[in-house]
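J.:
Residue numbers (the working numbering): 3 to 242.
Laid out in structure tokens, this is it:
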């Protein structure tokens, strides 16, 4: 009779095995953590105090960031105010400059028209109403702009000659130059004939090294009994 094989029954519980392995790992991790904390405690490290200090440092960082933000806002406000004040000062300077130019223009016009109408009964027969000096096309070249006037309601026209002299210095020497020397006009005179106003323009070229100081204009009327009129003006060149 043949011998039958024996049947062996073994139990297999994978869940229990997994729990045992997991529990062992947890115990190992906890043991390591406890050992780590125990070691830090023996070394004098206070974990609670460290956490409290870290919290205080975070609070200080937050406060410093807030203070920094406030300082930046304050600086931006100051900078904005400074720029605004600079613009206001610049605008005020332009306004003052414009007003000064207007006052100078009105003063000049007032003097001009006062000369036209005549302020006294003893006003001269002729006079230099205005003298302006502008730059010419080349260096040392200028243009003399004259306006000759008369008292209000002149009876008739007046004629004569205008003589111009530029006075200044060349080095240490004082020099006077007439039109024959600076304009090429042989007679050195400009003819005029008018009743109310007459403008005259005369280009001149000054010698190199000559420093002009003033212009003297002499008006000689072609009428008996009328004395020549002499007027002097500072040498002032207009801009532009």
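Every residue, glycine too, gets a C-beta built ideally from N, C-alpha and C. Since the model is a prediction, treat every value here as computed from it, not as a measurement.
1. Excluding the 5 residues preceding and the 5 following residue 135 in the sequence, name in chain order all residues of the same chain whose CB lies nearer than 7 Å to its CB.
2. Bridge partners for residue 222 per DSSP, in chain order?
3. Suppose you measure from the CA of residue 234 to the CA of residue 95; what does that come to, to the nearest Å?
4. How long is the line joining the alpha carbons of residue 1 and residue 193, rounded to whole angstroms?
5. Measure the alpha-carbon distance for residue 226 versus residue 197 and round it to whole angstroms.
6. Decide if residue 102 is buried, meaning its Cβ has at least 16 other Cβ atoms within 10 Å, or exposed.
7. Thinking C-beta only, is residue 128 closer than 9 Å to residue 150?
8. Could you check the C-alpha separation between residue 212 and residue 189 for me, to the nearest Å?
9. Pick from 215, 28 and 78: whose alpha carbon is nearest that of residue 176?
10. For residue 148, tell me which candidate among 173, 187, 139 and 217 has the shortest Cα-Cα distance.
11. In terms of alpha-carbon separation, which member of 65, 209 and 19 lies closest to residue 141?
12. When the Cα of residue 183 is compared with those of 174, 207 and 199, which residue comes out closest?
13. Nearest-angstrom Cα distance between residue 131 and residue 181?
14. From the DSSP secondary-structure annotation, give me the bridge partner or partners of residue 151.
15. Could you give the distance in angstroms between the alpha-carbon of residue 138 and the alpha-carbon of residue 107?
16. Start and end of the alpha helix (DSSP H) containing residue 181?
17. Under a three-way DSSP split, which group does residue 33 fall into?
T.: Put simply:
1. Position 133 of the chain shown, counted from the start, is the residue given in the question as residue 135. So the qualifying residues of the chain are 144, 146, 237, 238, 239 and 240.
2. The sequence position of residue 222 within the chain shown is 220, counting from 1. Residue 222 pairs with 163.
3. Here the question's residue 234 lines up with position 232 in the chain shown. Here the question's residue 95 lines up with position 93 in the chain shown. When rounded, the distance between both Cα atoms is 34 Å.
4. Past the edges of the chain, shown from 3 to 242, lies residue 1, and the structure says nothing about it.
5. Taking the first residue of the chain shown as position 1, residue 226 is located at position 224. Taking the first residue of the chain shown as position 1, residue 197 is located at position 195. Residue 226 and residue 197 have their C-alpha atoms spaced approximately 18 Å apart.
6. Taking the first residue of the chain shown as 1, we reach residue 102 at position 100. Answer is exposed; the Cβ neighbour count stays below 16.
7. One-based indexing of the chain shown puts residue 150 at position 148. One-based indexing of the chain shown puts residue 128 at position 126. A contact, by the Cβ cut-off of 9 Å.
8. Here residue 212 is taken as the residue at index 210 of the chain shown, counted from 1. Here residue 189 is taken as the residue at index 187 of the chain shown, counted from 1. Cα to Cα, the separation comes out at about 22 Å.
9. The residue given as residue 176 occupies position 174 in the chain shown. When C-alpha distances from residue 176 are compared across 215, 28 and 78, the shortest belongs to 215.
10. Here residue 148 refers to the residue found at position 146 when the chain shown is read from its first residue. Measuring from the Cα of residue 148, the nearest candidate turns out to be 217.
11. The count along the chain shown starts at 1 and reaches residue 141 at position 139. Considering only alpha carbons, the answer is 209.
12. The sequence position of residue 183 within the chain shown is 181, counting from 1. For the options 174, 207 and 199, the alpha carbon positioned closest to that of residue 183 is the one of 207.
13. Here residue 131 is taken as the residue at index 129 of the chain shown, counted from 1. Here residue 181 is taken as the residue at index 179 of the chain shown, counted from 1. C-alpha separation (whole angstroms): 20 Å.
14. One-based indexing of the chain shown puts residue 151 at position 149. 129 and 199.
15. Mapped onto the chain shown, residue 138 falls at position 136. Mapped onto the chain shown, residue 107 falls at position 105. Whole-angstrom Cα-Cα distance: 23 Å.
16. In the chain shown, residue 181 corresponds to position 179, counting from 1. Its alpha helix (DSSP H) spans residues 181-184.
17. Working through the chain shown from its first residue, we reach residue 33 at position 31. The answer is helix: DSSP assigns residue 33 an H, G or I state.
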